[in-house]
Amino acid sequence: MKNSILILLLFVAGCTVVNAQDVDSISHNLQFAIVEHQALFNDVHELSWRNPAMMEGAYRHSLTHFYLTADWQKKSAPFVLQKGSGHFVAAVKADSYIRLGNNTAVWGKASYTTGKNHDIKWNSVADYDLLEPDILGDTTGGDTRSEKYVFEGGYSTHRGRWHLGGEMLFRAEQEFRKVDPRMRSIVSDLTLRAGSGYDIAHYTLGFSFQGNIYRQTNSVDFYKPLGSIPEYQLMGLGEVYTRFSGDINDLIFKGGGIRLQLDLAPGKASSGIIANAWVSQHRYERVARLLNSLPLTTLYNKEAGLRAGWKQNGWLDYALWAEYQFNRRSSDQHIAGTSSSQIYPVIAHLTMFKNHIINTSLNAIIGHKGATSWWVKTRGGYTGNRQSFVYPRRTMKYGHAFGHVEGQVIHNTSKNWTITTQVEGSYYACVNDNLLLPLANIEPHFIDMIEHNYNILKSNFTNAGARFRADYRVGRSRYSVFGELQYDITICSKHEYQNHIVVSLGVHI
Amino acid sequence: MRKSLIYLMCAFALFCVTSCHDDYNDYMTTGHIVLTLPVDGEIETIQYSVKMMDLNSRNTITLAGVTDGTITVENLFRGAYSINVEGVVRYASSDAITHTGPFRAQSDYVSMVELDDNSISLEMILMN
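As they're listed, the protein sequences go chains B and H.
Everything in the first sequence is counted per this note's numbering, starting at 1 for the first residue and increasing by one.
Everything in the second sequence is counted per this note's numbering, starting at 1001 for the first residue and increasing by one.
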């Protein structure tokens, strides 16, 4: 498989070069392209670009880059036990956006990532953020290894007043452990997007549809029979589907969902209102293969969001917008009756876990694009998370008010050098928190797990980061090489911290 | 164009309305355990202690009381249960003689998932 991905990356590279030569003027200014593709101001448009029809106008310049990247993250203690204390991953990536004439653009990505995640506990599945709390977990845990393959491709065109686009994203991933408990998860995740847009005056009104199919097969083995420990079918806030915990270690998570989005955006060089609205629903069913495919739980994830603001283009570019996002997650437990020949009927469904997440923010960005381009972005708002398990009653909530400042300078120091410097800082202050557990009914190690996560999550967080990047154009060619170093540190008020370093080396075409 | 816009809005609104998955929020029910004699006779009174274990969560509830044959468990979490009843029964046999003695009754599986009333009949095992 590794050979296949490398061959595919080279193939993508080859195609890209040929296409680029065909359609892109050799004399195009690579420096403009680098500035355009890196600009912090792109944050204003990123949400609209989830509609593939809008991608045709995303950039005026083609740009392709291939790079190697190493990502190291280390925490003094896990912030969330299920996510571990850090990781080290290395990746080879290809990323391309190519204009085919004035009205059409194609883009694509391919990557192979491999690495190690450290000290994961209470989690024996991949994609924790997607599937929690309906996961399998144990008290021992340990390091896991992972391999991920991502492919993405899209096409967008502009015909008269109409914009049309389509995009496909595919992710295949496996995560496994080579010592007991030997968890192994294999993920396939396919997303298809189709979008359209219609020009009205200098605005484009867009509509896009996204469908997703997700599947994860998961198992946990013990090679040392005397050392086996129970694998818990977790259901949220330490509650367990006790009847099927222990040795029911062979699961499938299957699901998917859809997403709809409406966009209103002025042309890239125009000023005006920016607005987006989106809704989505995804469901993930946990099925026990050893019990003749008995469904244990189904997780529902619904999301709705709204963004509205104003974008101004001129010597100074600026934008202001407000954003509100609501996310409701709930999990149905499927009540199993008595078995007949290991076939369990489902006799009832109960919605046992409920989770509400809100993110609301005010955003502003201002800057100027020129020989030296600069942008300053600020963001402030509130993020809250409230979750509960119905019976026996358990609740946990925490909310943070936050402020975020980010600055970027891209300087073309000469015809050959482009230097990018970016700094950011943020502060998250906890403004409300609460934890309620039926202590008499929970085993102590479950209480330890919940309280550990709660104590960190309700902390105040301070984050600071910097990114430095140098792009060097090789002679008068259309190639440039680049190196990038990124560092950020997060400190929480519980005296825990996280260091994160990313190093990348690559080539632009 | 105006038609297209209306269609888009309708599709968006339709999705918003139809995508709502309804939660299953009916958590509690009432259970009736009807105790029957293994012999001909009429129950006069029963002193009981009942233990019900939710098979899926292993949570247990225990109740004790006096009844004339039916134990009612209110605010019972809907689910699959095993039931153990112990106690003392006084009953009049068909020949009009009053008997008093310990009993047990049990079932490994009963379904208590109906929204209103759930009724299960258990035959007592007389211990003397």
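Ideal placement from N, C-alpha and C gives every residue a C-beta, glycine not left out.
Given the structure is predicted, the values throughout are model-derived calculations rather than measurements.
When the Cα atoms are used, what is the spatial distance from G1101 of chain H to T1072 of chain H? Approximately 22 Å, taken between the alpha carbons.
Counting along the chain, where does the alpha helix (DSSP H) carrying I450 of chain B start and finish? Following the DSSP letters along the chain, one finds I450 of chain B inside the alpha helix (DSSP H) bounded by residues P444 to L457.
Run through the DSSP bridge pairs and tell me what V510 of chain B is partnered with. This structure leaves residue 510 of chain B out entirely; chain B is present only between 1 and 509.
Three-state class that DSSP yields for H158 of chain B in the structure shown: The answer is strand: DSSP assigns H158 of chain B an E or B state.
Quick check on the burial criterion: 16 or more other C-beta atoms within 10 angstroms. Buried or exposed for S208 of chain B? Around the beta carbon of S208 of chain B, 16 or more other beta carbons sit within 10 angstroms, so the residue counts as buried.
Are the beta-carbon atoms of A510 of chain B and A308 of chain B separated by less than 8 Å? No information on residue 510 of chain B is available, as it lies outside the stretch 1 to 509 that chain B covers here.
If you follow the beta strand (DSSP E) that D433 of chain B is in, where does it begin and where does it stop? Run containing D433 of chain B: W417 to L436, per the beta strand (DSSP E) assignment.
Cβ-Cβ distance between H282 of chain B and G256 of chain B below 8 Å: In this structure, G256 of chain B lies closer than 8 Å to H282 of chain B by Cβ.
Smallest Cα separation from Y198 of chain B: which of B:Y223, B:N51 and B:K254? Closest by alpha carbon: B:N51.
For M1112 of chain H, which residues from the same chain have a beta carbon less than 7 Å from its beta carbon, with the 5 sequence-adjacent residues on both sides left out? Sequence-distant partners of M1112 of chain H (beyond 5 residues in either direction) whose C-beta falls short of 7 Å from its own C-beta, in its chain, are T1029, G1031, L1076, R1078, G1079, Y1081 and N1118.
Do you know offhand how far I26 of chain B's Cα is from G370 of chain B's? Residue confidence for I26 of chain B is low, a pLDDT of 41 falling below 50, so the modelled location carries little weight; the figure read from the coordinates is stated next. Each residue's alpha carbon lies about 22 Å from the other.
Near-chain H residues of the stretch 386-400 of chain B (beta-carbon distance less than 9 Å), N- to C-terminal order: Here the close residues are V390, Y391 and P392.
Along chain B, which residues have their Cβ under 8 Å away from the Cβ of Y1024 of chain H? Within 8 Å Cβ-Cβ: D332, A348, H349, L350 and T351.
From which residue to which residue does the beta strand (DSSP E) around I1097 of chain H run? Element bounds for I1097 of chain H: n/a, residue is neither H nor E.
Please name the residue in B:K109, B:V179 and B:E132 whose C-alpha comes closest to that of G154 of chain B. Measuring from the Cα of G154 of chain B, the nearest candidate turns out to be B:K109.
Using a Cβ-Cβ cut-off of 8 Å (strictly less than) and excluding sequence neighbours within five positions of Y497 of chain B, which residues of its own chain qualify? K75, S76, I489, T490 and I491.
Test: A58 of chain B CB closer than 8 Å to a CB of chain H: Taking Cβ atoms only, chain H never reaches closer than 8 Å to A58 of chain B, which makes this a no.
Residue burial classification, D24 of chain B (beta-carbon count within 10 angstroms, cutoff 16): Interpretation of D24 of chain B is limited by its pLDDT of 41, a score under 50 that renders its predicted location unreliable; the figure taken from the coordinates is listed afterwards. The residue in question, D24 of chain B, is buried, as its Cβ has 16 or more Cβ neighbours within 10 Å.
Taking the alpha helix (DSSP H) that Y128 of chain B belongs to, which residues open and close that run? Where Y128 of chain B is concerned, the enclosing alpha helix (DSSP H) stretches over Y128 to L131.
Starting from L30 of chain B and walking both ways along the alpha helix (DSSP H), at which residues does that stretch end? Counting along the chain, the alpha helix (DSSP H) containing L30 of chain B begins and ends at L30 to Q38.
Straight-line Cα distance separating H45 of chain B from G206 of chain B: Rounded to the nearest angstrom, the gap between the Cα atoms of G206 of chain B and H45 of chain B is 13 Å.
Beta strand (DSSP E) runs contained entirely in the stretch 173-227 of chain B, provided each spans 3 or more residues: Taking only runs of at least 3 residues, the beta strand (DSSP E) segments lying wholly in the stretch 173-227 of chain B are 182-200 and 203-221.
Counting only C-beta atoms, is L1055 of chain H closer than 8 Å to chain B at any point? Chain B, which has a Cβ nearer than 8 Å to the Cβ of L1055 of chain H, makes this yes.
When we look at the beta-carbon of A288 of chain B and count the other beta-carbons within 10 Å, is it buried (16 or more) or exposed? A288 of chain B should be labelled buried.
Identify the contact partners of Y1109 of chain H in chain B, using a Cβ-Cβ distance below 9 Å as the criterion. Contact of Y1109 of chain H with chain B by beta-carbon distance below 9 Å involves G337 and T338.
Give the secondary structure of D134 of chain B by DSSP, where H, G and I count as helix, E and B as strand, and everything else as coil. Coil at D134 of chain B, not helix or strand.
I'd like to know whether the C-beta of Q21 of chain B is nearer than 8 Å to at least one C-beta of chain H. Note on Q21 of chain B: pLDDT 45, under 50, position unreliable in the model; the coordinate value appears next. No, its Cβ sits nowhere closer than 8 Å to a Cβ of chain H.
For F1077 of chain H: DSSP bridge partner residues: Answer is H:M1028.
Mind listing the chain H neighbours of T242 of chain B? Cutoff is C-beta to C-beta under 8 Å, in chain order. Under a criterion of Cβ atoms nearer than 8 Å, the residues of chain H adjacent to T242 of chain B are, in order, N1056, S1057 and R1058.
At a CB distance below 8 Å, what residues from the stretch 1072-1084 of chain H approach chain B? Give them in sequence order. Flagged, chain order: F1077, R1078, G1079 and A1080.
Measuring alpha carbon to alpha carbon, tell me which of B:D138, B:F176 and B:L131 ends up nearest K148 of chain B. Nearest option by C-alpha distance: B:F176.
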